[in-house]
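For the record, the sequence lines run as chains A and B. Per this note's numbering, residue -6 is the first one in the first sequence, and the count goes up by one each step. Per this note's numbering, residue 10 is the first one in the second sequence, and the count goes up by one each step. Quick notes on the structure that follows.
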Amino acid sequence: MAATGDYALWAWLAPGLSFLLLSLVVPLRRSGRPAAWLSIVFSAGALVGAILAWRATVPDMARRILWEWIPVEDGVLTSVGVLADADSTLMLILVALVSFLVQLYSLGYLADEPPASLGRYYAYQSLFAFSMMGLVLAPNFVQLFICWELVGLCSYLLIGYWYQRPEAARAAVKAFWVTKAGDVGFLIGIVMLWSRTGTFDFSDLFAMAQGGSDALTGIALVMFFIYLGAAGKSAQFPFHIWLPDAMEGPTPVSALIHAATMVTAGVYLLFRTSFLFEQAPEVLHAVGWIGAFTALFAATLACVQADIKRVLAYSTVSQLGYMMAAIGAGFASAGFLHLLTHGVFKALLFLAAGAVIHAVASNDIFAMGGLARRMPQTFVVFLIGTLSLAGIPFFAGFFSKEEILGATWAGGLTLPFAMLVLAAFLTAFYMFRVVFIAFFGSPAAVATGAPAHGAHGRDAGHAHDAPPIMTVVLWVLALLAVTIGIGFARSHPESEFVVPGFITPLAIGVAVGGIALATVVYPLRWISPDWLARRLAALNEAAHERFWLDDLFALAYRSGILGLSRIVGWFDRYIVDGILNVLSAWTLTAGDRLRRVQSGQVQDYIYGIALGVLLVMVLLRWPR
Amino acid sequence: MTLQAYLTLAAMLFCIGLFGVMTRRNTIGILLGIELMLNAVNINLVAFARFRGDVAGMVFTVFTICITVAEVALGLALVILIYRIRRTAVADHLDLLRG
């Protein structure tokens, strides 16, 4: 039992070591494939370490390994180390697993990249794995925040991996800015919490919460600020705008960072600190409402997207909303369960979509079509992921989604519960819309979208399954998507709340209903999609325009931030600089005047001396 | 003759010398003014030596006269050199050190 912390520590440090090697040994990084294999071997080691750590955990017991980090006069301000318990090691396995599989998959997906770029990619991947594991294992807010920023940095670097493309560069900056807006709140929250309690440590805070410490009463504002950070990272409304644009990065990156791990960091944070959020029920309430609204909102947006990755991105936003709703309802473990299952099946969906994009060289689902026959393996795994996401029984997503619906009902959030049910219906609809358009029907004649890698001669007509290294990864994930749900259902029997009997039939009903609607609209064409779009014209247009939120942010940026910076610029130019300019002008003038005293003529100096002596004499004899 | 008479004479002589130094434009005139001021000091020294019965003042005067001779020799040499180089001995034109 003793070794769980050590295993977790080794799992954490392995990718860090690989990042150091890749970043310092330049020839190795530039060599491309050897660098990739190095990173893959280390992440496999991390996976083994994570599994060992999880197996060695003891229920209700956390292992801590801490090093003192920032010494202050009386003791230590904060430490650095690992906090390994059943939850964090489970999350560690998810991170290590998806990270390992994605790195393996990338070897096939990015096979056409130049070696130097590939090495850079793997260096970032290693850094990401290291930071994400540090975040998961963080024993206090400081380490968590630092790793939080590091994963944000990796996200920025990997979205902008193809930095020559202006859209990718812009998306990277946008993601960085929007998440940073939330992170400012997070930092403020951490410092406020520290000034109240005097500690950053989770264990100390937990003890305080258990003991009903006075320092933790009325911390609603503090928790709201901390929630802002989580909302930015986990793409909650209205911070969700960065996630769809983040799809400009390579597809494996989207699978790893923007579906399975980094975006769930916000949910993980709330899960990890749920004992603090319970001290502020009103904030939890807001979390639940915003989460449910985000789930529904993003689901409507996903219904009109033509880009397969954007559909999945909005779906991720929607599912993150589900997790947040469960946490808001007060049942954080339900949200965490969905986090784990979602991590697996969404990674599967993204990687399968990556295989499709790799084959078709386009993101546009209308440029695909008929892929089921040409890419049978990809089709099967994509279907497994879709069924899991839609919440069909015995697939992973079903159990966790049902759990979340039950949690929101039991938590008394009735209207959010209704929103989530509607979102579940839409989820099934938009996922099967993609399946029917992309995998059935006839292949589109010409691929219209811009080629993803400039590969010629690839289109839906000649598409074929991805190379084995990619399909193996897909099958592993598909297998997991089928089995982990059942596994969790068997090992997780104790429920914190009573699920009413109608939840399960309702969940299955809306999922099947959504699939049925998609079937009626797309392959059968009993209802034409255009007719549907006309009936919901206002909603359709709003969804196409992303509910004008991006425009709103741009406007706020232009008029608010730029206006403010103009004022600040004026102040700086005319007040701050002005004072200094006046001072320097005075000095110059005074110097110029004084210079003339030095005429260089002896007699002038003698005048001065004589007058001075006279003055001294007068002063000496002056009657007092 | 009182001490005051000697001191008044010395003060007047000093002022005349100072006036000369300050107003003359010619370098030689300035040197003459300096000479007058030094002699005013000499009168002071001698007068005090005499009225206090102390020989030290007279010794000092002898020193002063010696140094004055040297100073005048040096000063006139400088004036001649400056005149050779700059073709002028007017102090107003010698303002190369102007700030």
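All C-beta atoms in this analysis are idealised placements derived from N, C-alpha and C, irrespective of residue type, glycine included.
Whole-number beta carbon distance between A:Leu398 and A:Ala500, since they are thought to touch under 8 Å:
6 Å
Tell me which same chain residues have a C-beta within less than 7 Å of the C-beta of A:Ala443, skipping the five on either side of it?
Here A:Ala443 scores only 41 on pLDDT, less than 50, and its place in the model is too uncertain to base an answer on.
Sort out for me which residues DSSP pairs B:Asn35 with in a bridge.
B:Val99
At which residue ranges does the segment 142 to 208 of chain A contain complete alpha helix (DSSP H) runs of 4 or more residues, listed in the order of the chain?
159 to 190, 195 to 203
Is the CB of B:Thr32 under 9 Å away from at least one CB in chain A?
yes
Span separating the alpha-carbon of A:Ser247 from that of A:Lys302
9 Å
Closer than 9 Å to chain A by CB, B:Leu54
no
For the segment 583 to 594 of chain A, enumerate the residues whose C-beta is nearer than 7 Å to any C-beta of chain B, in chain order.
Arg588, Gln591, Ser592, Gly593, Gln594
Taking the beta strand (DSSP E) that A:Leu59 falls in, what are its first and last residues?
56 to 65
Indicate whether at least one CB of chain A lies closer than 9 Å to the CB of B:Leu47.
no
For A:Leu555, which three-state DSSP category applies?
helix
Check whether the segment 231 to 247 of chain A and the segment 201 to 210 of chain A touch, using three or more Cβ-Cβ pairs below 8 Å as the test.
no
Please go through the same chain and pick out, in chain order, the residues whose beta-carbon is closer than 8 Å to the beta-carbon of A:Leu180, but skip the five residues on each side of it.
Phe138, Gly222
In the DSSP assignment, find the unbroken beta strand (DSSP E) run with A:Ser110 in it and report its ends.
Here A:Ser110 belongs to no beta strand (DSSP E); instead the alpha helix (DSSP H) covers 108 to 130.
Any idea what DSSP makes of A:Asn356, helix, strand or coil?
coil
Cα-Cα separation, A:Leu613 to A:Leu607:
10 Å
CB-CB length for A:Ser110 against A:Cys147, believed under 8 Å
Their Cβ separation, rounded to whole angstroms, is 16 Å, which puts A:Ser110 and A:Cys147 out of contact at 8 Å.
Quick check on A:Phe12: does DSSP put it in helix, strand or coil?
helix
For chain A, is any of its Cβ atoms less than 9 Å away from the one on B:Ile39?
yes
Note down, in chain order, all residues in the segment 83 to 101 of chain B with a beta-carbon under 8 Å from any beta-carbon belonging to chain A.
Ala100, Asp101
Shorter than 9 Å from the beta carbon of B:Leu103 to some beta carbon of chain A?
yes
Based on the DSSP secondary-structure assignment, which residues constitute the bridge partners of A:Gly68?
A:Val65
Measuring straight from C-alpha to C-alpha, what distance separates A:Leu525 and A:Ala318?
30 Å
Using the DSSP secondary-structure output, state which residues sit across from A:Leu76 in a beta bridge.
A:Arg57
Under 9 Å between C-beta atoms, does B:Leu16 make it to chain A?
no
CB contact flag (A:Leu263, A:Ala389, <9 Å)
no
Under a CB-based cut-off of 9 Å, is B:Leu27 close to chain A?
yes
Continuous alpha helix (DSSP H) assignments of at least 4 residues falling wholly in the segment 528 to 612 of chain A
530 to 537, 542 to 548, 555 to 563, 570 to 588
Could you please give me the residues that DSSP links to A:Val51 through a beta bridge?
A:Met54
Beta-carbon within less than 8 Å of A:Leu333's beta-carbon, same chain only, minus the 5 sequence neighbours each way: which residues are those?
Leu83, Met84, Leu87, Ser393, Ile477, Phe481
Quick one, which of A:His331, A:Leu406, A:Gly507 has its alpha-carbon nearest A:Phe425's?
A:Gly507
Within 10 angstroms of its Cβ, does A:Asn619 collect 16 or more other Cβ (buried), or is it exposed?
Chain A is shown from -6 up to 617; residue 619 of chain A falls before or after that span and cannot be answered.
Flag this pair as touching only if the segment 251 to 265 of chain A and the segment 306 to 320 of chain A have three or more C-beta atom pairs under 8 Å; answer yes or no.
yes
Can you give me the Cβ contacts of A:Val73 inside the same chain, cut-off strictly under 6 Å, excluding the 5 residues immediately before and after it?
Trp60, Trp62, Gln136
With a threshold of 9 Å between beta-carbons, can A:Tyr149 be considered close to chain B, or not?
no
If I measure Cβ to Cβ from A:His537 and keep anything under 6 Å in the same chain, skipping five residues before and after, which residues do I get?
Val297
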